[in-house]
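One line per chain: the protein sequences are W and Y, in this order.
Read in order, the letters of the first sequence correspond to residues 1 to 238 in my numbering.
Read in order, the letters of the second sequence correspond to residues 1001 to 1238 in my numbering.
Encoded as structure tokens, the structure appears first; notes follow it.
2 protein chains.
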Amino acid sequence: MEANAKVLVVDDEERIRRLIRMYLEREDFLVEEADNGKDALDLSLNNDYDVILLDLMMPEMDGIEVCEALRKEKNTPVIMLTAKGEEANRVQGFEVGTDDYIVKPFSPREVVLRVKALLRRVSQTNFKSDDTTTKELLVFPHLTIDHDAHRVTADGKEISLTPKEYELLCFLASAPDKVFNRELLLKEVWQYEFFGDLRTVDTHVKRLREKLNNVSKEASKMIVTVWGVGYKFEVDDV
Amino acid sequence: MEANAKVLVVDDEERIRRLIRMYLEREDFLVEEADNGKDALDLSLNNDYDVILLDLMMPEMDGIEVCEALRKEKNTPVIMLTAKGEEANRVQGFEVGTDDYIVKPFSPREVVLRVKALLRRVSQTNFKSDDTTTKELLVFPHLTIDHDAHRVTADGKEISLTPKEYELLCFLASAPDKVFNRELLLKEVWQYEFFGDLRTVDTHVKRLREKLNNVSKEASKMIVTVWGVGYKFEVDDV
DNA sequence: CACAAGTATTATAAATCTGTTACGTTATGC
DNA sequence: GCATAACGTAACAGATTTATAATACTTGTG
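Here it is as structure tokens:
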């Protein structure tokens, strides 16, 4: 069990650090921060982190330098954070020694998922755990979500969803019966820089319901409006 | 069963070792490393590896010397890693005693395939195992890939594919219904030094579809675009 | 060295998705 | 029932993503 894995978050922007910290802590990670490359390197050499989230672009010592220096001593898994146009190419390559990278602006949810995925990967190679639990398949009475195939089927029939529709559905379905308000949905499913209208959520819900409804009334009913609050994914237990 | 076969990876470049290690471990191989010929020889004499991946060009003691010295004691299968212009000729020849060789820069996928192939070959000659499980034949409703013959047929008609087209198709077809993003495809199918444009994948997909479509509309439809994500090889289950 | 085949890049066109707005509908409290 | 607030719906413009085609580059071969 990777209970309380320790994560170091390195970024010169405080709001980014705080954002990531918030989401990681909610998943019971222990989070520490550094706002520059030098401190990051010191910290990571003197502590055993389970993952390091490392911003690529930082003044003085950038993420690549930190990673390369770190790699001379230890093999702590590193996820690089890169802005859009940044030389993602070099980071992708293996010369630097990063294990994954995330493009800004990301959705907080994505960061959590990637960190977890990396921990899983690492722990697998280290102890050969029997951790086959990570099914990429969500099955409900009238609806199935196959993550690998990126496929949603309602009553056996496939439904073609747009990326946002798919993400929204997955998010709701990953916590059945839990209500989310629009604000939270925007925060979780959209990127952190998105400050759009709350009604945007409604539109996507509408489209999602429509597509589901075309195939299965039952499936469409699973996305429930909670008046004055938000939406939830409800599983009938009839 | 070659469960947890033990592989020794010898290369003076760390990133190469790490790259190979990563891909082999993902296939459940046990991987050990050496960064020079001397250590490699010691290790391989004192351990029973199932395969040794041996870089040809190394300071002091090169791959050929290691291999020759090793051969005086034991018959551990050896795959030589050679850079492009290097005297692949000598390695190819039988005077050295290598079992296979791979030219750098390779694609990670290739290494895994070659290692597996070699293990298969060796285990066959050693114990005449009933291991006919490893079919080199992929058969789908409208498409067949015969690895041995390096031949693709759609609806019975043969299709002539370029190397990249073939590899791309094989890779997708080896994991039906699983979506791969362009990045991953570049990493897996292309060589490890390639950091090209993601659109390159599109172009190859286009040409592949075109060739398939010339012969079988059905076959061409198997390569599916997943909007905002990537491509997958889909098998209709109608 | 020229040629051909294969490959990567780029530019452009086409398809698709997305957020917003405006307006219609439904629920809620009085 | 009425006013109000919250939600549903439809349509549009702009943005994003993919397909296609054309071009340039690379590589192997004779």
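Yeah, the Cβ is synthetic: ideal placement off N, Cα and C, and Gly gets one too.
- Look at the Cβ atom of Y/MET1080, then the Cβ atom of Y/GLY1097, and state whether they are nearer than 7 angstroms. Translated into the one-based positions of the second sequence, residue 1080 of chain Y becomes position 80. Translated into the one-based positions of the second sequence, residue 1097 of chain Y becomes position 97. No, Cβ-Cβ distance for Y/MET1080 and Y/GLY1097 is not below 7 angstroms.
Legend entry - DSSP beta-bridge partners of W/TYR231: Locating residue 231 of chain W in the first sequence gives position 231, counting from the first residue. Bridge partners of W/TYR231: W/PHE180 and W/THR225.
Starting from Y/LEU1198, trace the beta strand (DSSP E) both ways and give me its first and last residue.
As a first step, residue 1198 of chain Y must be located in the second sequence, where it is residue number 198. Run containing Y/LEU1198: none; DSSP gives neither H nor E here.
Relative to chain W, which residues along the segment 1216-1233 of chain Y have a C-beta separation below 7 angstroms, given in chain order? VAL1226, TRP1227, GLY1228, VAL1229 and LYS1232
Any chain Y beta carbon closer than 7 angstroms to W/ALA5:
Looking up residue 5 of chain W in the first sequence gives position 5. False, the Cβ-Cβ gap to chain Y never drops below 7 angstroms.
Check: Which chain Y residues sit within Cβ distance under 8 angstroms of W/ASP148?
Finding: For this step, residue 148 of chain W is matched to residue 148 along the first sequence. Chain Y residues near W/ASP148: ASP1177, LYS1178 and VAL1179.
request  = Might you give, ordered along the chain, the residues of its own chain that have their beta carbon closer than 6 angstroms to the beta carbon of W/ARG12, omitting 5 neighbours on each side?
outcome  = Start at 1 with the first residue of the first sequence, and residue 12 of chain W comes out as number 12. Just to set this straight, residue 12 of chain W is Asp in the shown sequence, not Arg. Cβ neighbours of W/ASP12 beyond the five flanking positions: ASP35 and MET58.
For this session: Measure from the C-beta of W/PRO163 to each C-beta in chain Y and report whether the shortest distance is under 7 angstroms.
Result: Reading the first sequence from its first residue, position 163 is the one you call residue 163 of chain W. Cβ-Cβ to chain Y under 7 angstroms: yes for W/PRO163.
Task: Simplified DSSP state of W/GLU2, which is helix, strand or coil - done: Translated into positions along the first sequence, residue 2 of chain W becomes position 2. Any reading at W/GLU2 needs caution, since the residue's pLDDT is 47, under 50, leaving its predicted position unreliable; the model's value is listed next. W/GLU2: coil per DSSP, three-state reduction.
### Query
Hey, how far is the Cα of W/LEU113 from the Cα of Y/GLU1065?
To locate residue 113 of chain W, count along the first sequence from 1; it is residue 113. To locate residue 1065 of chain Y, count along the second sequence from 1; it is residue 65. Cα to Cα, W/LEU113 sits roughly 47 angstroms from Y/GLU1065.
(Q) Rounded to whole angstroms, what is the Cα-Cα separation between W/ILE20 and W/GLU167? (A) Position 20 of the first sequence, counted from the first residue, corresponds to residue 20 of chain W. Position 167 of the first sequence, counted from the first residue, corresponds to residue 167 of chain W. Near 19 angstroms, if we compare the C-alpha coordinates of W/GLU167 and W/ILE20.
Practice prompt. Give me the Cβ distance between W/LYS217 and W/VAL226, rounded to the nearest whole Å; I'm assuming they're in contact under 8 angstroms.
Written response: For the purposes of this step, residue 217 of chain W is taken as the residue at position 217 of the first sequence. For the purposes of this step, residue 226 of chain W is taken as the residue at position 226 of the first sequence. Not really, about 20 angstroms apart at Cβ, beyond 8 angstroms.
- Do you know offhand how far Y/ASN1075's Cα is from W/ASP155's? Here the question's residue 1075 of chain Y lines up with position 75 in the second sequence. Here the question's residue 155 of chain W lines up with position 155 in the first sequence. Rounded to the nearest angstrom, the two C-alpha atoms are 57 angstroms apart.
### Task
May I ask which residues mark the beginning and end of the beta strand (DSSP E) holding Y/LYS1157?
In the second sequence, residue 1157 of chain Y corresponds to position 157, counting from 1. Residues 1157-1159.
Contact set between W/GLY97 and chain Y, taken where Cβ atoms lie within less than 9 angstroms: Here residue 97 of chain W is taken as the residue at index 97 of the first sequence, counted from 1. Simply GLU1014, ARG1015 and ARG1018.
| Can you name the start and end residues of the alpha helix (DSSP H) that Y/GLU1025 belongs to? | Working through the second sequence from its first residue, we reach residue 1025 of chain Y at position 25. 1014-1026 is the span of the alpha helix (DSSP H), which, as asked, contains Y/GLU1025.
Please report the residue range of the alpha helix (DSSP H) in which Y/LEU1056 lies.
Counting from one through the second sequence, the residue named residue 1056 of chain Y turns up at place 56. Element bounds for Y/LEU1056: n/a, residue is neither H nor E.
For W/PHE171 and W/VAL139, the rounded distance between their alpha carbons:
Here residue 139 of chain W corresponds to residue number 139 of the first sequence, with the count starting at 1. Here residue 171 of chain W corresponds to residue number 171 of the first sequence, with the count starting at 1. Taking the straight line joining both Cα atoms gives about 14 angstroms.
Measuring alpha carbon to alpha carbon, tell me which of W/LEU118, W/ARG121, W/PRO108 and W/THR82 ends up nearest W/ILE102. Counting from one through the first sequence, the residue named residue 102 of chain W turns up at place 102. Of the listed residues, the one whose Cα sits closest to W/ILE102 is W/THR82.
By Cβ distance below 7 angstroms, which residues in the same chain neighbour Y/ARG1182 in space, the five residues on each side in sequence not counted?
The residue you call residue 1182 of chain Y lines up with position 182 of the second sequence. Contacts found: LEU1198, VAL1201 and GLY1230.
Return the bridge partner residues of Y/PHE1140 from the DSSP annotation.
Here residue 1140 of chain Y corresponds to residue number 140 of the second sequence, with the count starting at 1. Note: Y/PHE1140 sits in a beta bridge opposite Y/LEU1143.
Worksheet item: Among Y/ASP1050, Y/GLU1033 and Y/ASN1213, which residue has its Cα nearest to the Cα of Y/ARG1121?
Response: Your numbering for residue 1121 of chain Y matches position 121 in the second sequence. Nearest option by C-alpha distance: Y/ASP1050.
Selected residue, minimal CA-CA separation from Y/GLU1158, among Y/ALA1005, Y/ARG1026 and Y/LEU1143 = Here residue 1158 of chain Y is taken as the residue at index 158 of the second sequence, counted from 1. Nearest option by C-alpha distance: Y/LEU1143.
#### Entry: Whole-angstrom distance between W/GLU32 and Y/GLY1037, CA atom to CA atom
Within the second sequence, numbered from 1, the residue matching residue 1037 of chain Y stands at position 37. Within the first sequence, numbered from 1, the residue matching residue 32 of chain W stands at position 32. Cα-Cα distance, rounded: 41 angstroms.
(Q) Given a cut-off of 7 angstroms on the beta-carbon distance, is the pair W/ILE52 and W/LEU24 in contact? (A) Position 52 of the first sequence, counted from the start, is the residue given in the question as residue 52 of chain W. Position 24 of the first sequence, counted from the start, is the residue given in the question as residue 24 of chain W. Going by C-beta atoms, W/ILE52 is not nearer than 7 angstroms to W/LEU24.
Open item on the list: Taking the beta strand (DSSP E) that Y/ASP1100 belongs to, which residues open and close that run?
Closed with: Here residue 1100 of chain Y refers to the residue found at position 100 when the second sequence is read from its first residue. 1100-1103 is the span of the beta strand (DSSP E), which, as asked, contains Y/ASP1100.
- Item | Anticipated Cβ contact below 8 angstroms, W/MET222 with W/VAL235, distance rounded | Position 222 of the first sequence, counted from the start, is the residue given in the question as residue 222 of chain W. Position 235 of the first sequence, counted from the start, is the residue given in the question as residue 235 of chain W. Contact flag correct, Cβ pair sits at about 7 angstroms.
| said: Quick check: Y/PRO1105 and Y/GLU1193, are their CB atoms within less than 7 angstroms of each other? | reply: Walking along the second sequence from the start, residue 1105 of chain Y turns up at place 105. Walking along the second sequence from the start, residue 1193 of chain Y turns up at place 193. Cβ distance < 7 angstroms, so Y/PRO1105 and Y/GLU1193 count as in contact.
Q. Hey, W/LEU118 and W/ASP100: beta-carbon distance below 7 angstroms or not?
A. Position 118 of the first sequence, counted from the start, is the residue given in the question as residue 118 of chain W. Position 100 of the first sequence, counted from the start, is the residue given in the question as residue 100 of chain W. Closer than 7 angstroms, so yes.
*Starting from W/ALA154, trace the beta strand (DSSP E) both ways and give me its first and last residue.*
For the purposes of this step, residue 154 of chain W is taken as residue 154 along the first sequence, with counting starting at 1. Segment 151-154, the beta strand (DSSP E) holding W/ALA154.
Three-state class that DSSP yields for W/VAL96 in the structure shown = In the first sequence, the residue the question calls residue 96 of chain W occupies position 96. If DSSP states are grouped into helix, strand and coil, W/VAL96 belongs with coil.
Exercise. Which of helix, strand or coil does DSSP assign to Y/ALA1173?
Worked result: In the second sequence, residue 1173 of chain Y corresponds to position 173, counting from 1. Helix, per DSSP.
message: Helix, strand or coil for W/ALA69? Go by DSSP, reduced to three states.
response: Along the first sequence, read from residue 1 onward, the residue named residue 69 of chain W stands at position 69. Of the three classes helix, strand and coil, the one that applies to W/ALA69 here is helix, per DSSP.
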